[in-house]
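Oh and the sequence shown: position 177 is 177 in UniProt numbering, straight run, nothing missing. Quick reminder that beta carbons are idealized off the backbone N, C-alpha and C, glycines included. This one's a predicted model, so the numbers in the text were calculated from it and none came from an experiment.
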Amino acid sequence: MTSAGGTAVAVPTGFELRTPHDWVDFSVADEASENRVADDVWTRARDGGFTEEQAGQYAEQLRRSVRQARNAGAVHAAGTFQVYEDGALIATVLVSVVTPPATGDIIGALTAVAQPAHADGTWRRVSTAQIPAIGTVGRVHGIQNVSQDGVTMRCAVMHTVVPLPGATNVLVVTGSSPNLAEAEEIFELFATITATLTFSYEGEASALTPPAASPGEVGS
1 MTSAGGTAVA
11 VPTGFELRTP
21 HDWVDFSVAD
31 EASENRVADD
41 VWTRARDGGF
51 TEEQAGQYAE
61 QLRRSVRQAR
71 NAGAVHAAGT
81 FQVYEDGALI
91 ATVLVSVVTP
101 PATGDIIGAL
111 TAVAQPAHAD
121 GTWRRVSTAQ
131 IPAIGTVGRV
141 HGIQNVSQDG
151 VTMRCAVMHT
161 VVPLPGATNV
171 LVVTGSSPNL
181 AEAEEIFELF
191 ATITATLTFS
201 YEGEASALTP
211 PAASPGEVGS
C-alpha cells in the first residue's frame, strides 16, 4: 500500500508480544491442544489443594478459552493458571487480525458486543492508549458477560485495537479473566502486556503471522 504522498508503506508480517514468565503459549492448532492445556491445569489445581470437582471446573474453563481462540481464528493465544492461598488466578490473552466494518469504526463495533440491556453490573469504557513501539491505539475495557460454548461467565475484559500500517485490517489484543475481585490489577496487567507489542517486517509473508521461535519470541 502507498501513502497519500505516494510513498510505499511497509505492511507488518509478524509481531512480538511479551508475557510474564509464568504464562504459557497456547497452541490453537487443533483439539489436542485443548486437552493438553486442560490436563496441565487440572494437575496444577490438584497439586494446589483444590478438589477434583474444582480442578475439573478450572480445566474446562481453560479448555473453552483455547477452543474459542481456535474457532475465532486467533493467530496467537497465551494464558496463566496460578494457585494462591486465597484462590486461583486465571487469565488469557488472544491476538486476532480483524477486518473493520465498512464504516471503519472498529471501536464502535466492539462496544456494541454484549451491550447490557439492564443495570446488571456490567460496564465498559472506551479510550485510547499509547504503545511505545506503535503509537496511539483504541481500547475498550470493562466487566462483561462472556459466552463460550453456551456457557456464560462474567469476566474482566480488555480489547486493544491496533491499526496495521499499510493494511486495512487491525490487530486486536483481547485479555480476559474471571477474577473480578482483582479486576483493576488485571486491567493493569493486560495493559502492561499489550504495551510490549511490536511489529516485525521480515520475510515475504503476505499476511501477519506470529514470528518463528527465537530469543524474545512471542510469549517470552
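Quiz prompt | Bridge-paired residues (DSSP) for residue 16 | solution = 198
Self-check item: Pairwise C-alpha distance: residue 58 and residue 42
Solution: 7 angstroms
Quiz item: Got a sec: does the ligand COA put a non-hydrogen atom nearer than 7 angstroms to the Cβ of residue 21?
Solution: Judged by which ligands are present, the structure shown has none, so any question about the ligand COA falls away.
Quiz item: Should the segment 121-139 be regarded as contacting the segment 189-196, the criterion being three or more beta carbon pairs within less than 8 angstroms?
Solution: yes
Quiz item: Which of helix, strand or coil does DSSP assign to residue 97?
Solution: strand
Quiz prompt | Run of the beta strand (DSSP E) containing residue 134, from where it starts to where it stops | solution = Taken as a continuous stretch (DSSP letters only), residue 134 belongs to no beta strand (DSSP E), as it is neither H nor E.
Quiz item: Measuring CB to CB, does residue 200 end up less than 8 angstroms from residue 16?
Solution: yes
Exercise. With a threshold of 16 other CB atoms inside 10 Å of the CB of residue 147, please say whether the residue is buried or exposed.
Key: exposed
Self-check item: CA nearest to the CA of residue 45, picked from 82, 23, 157 and 138
Solution: 82
Quiz item: What separation, rounded to the nearest whole angstrom, lies between the Cα atoms of residue 55 and residue 134?
Solution: 40 angstroms
Quiz prompt | Straight-line Cα distance separating residue 140 from residue 114 | solution = Because the pLDDT at residue 114 is just 49, under 50, the model does not fix this residue reliably, and the value given afterwards should be weighed accordingly. Approximately 12 angstroms between the Cα atoms of the pair.
Quiz item: Does the beta-carbon distance from residue 76 to residue 95 come in below 8 angstroms?
Solution: yes
Quiz item: Terminal residues of the continuous beta strand (DSSP E) containing residue 81?
Solution: 76-84
Exercise. Counting only the same chain and skipping the five closest in sequence on each side, list residues whose C-beta sits under 6 angstroms from that of residue 34.
Key: 63, 66 and 67
Self-check item: Per-residue DSSP class, three states only, for residue 145
Solution: strand
Quiz item: Leaving out five residues before and five after residue 37 in sequence, what residues of the same chain have Cβ atoms less than 7 angstroms from its Cβ?
Solution: 26, 62, 63 and 66
Quiz prompt | Residue burial classification, residue 171 (beta-carbon count within 10 angstroms, cutoff 16) | solution = buried
Quiz item: From residue 136 to residue 80, what distance separates their C-alpha atoms?
Solution: 27 angstroms
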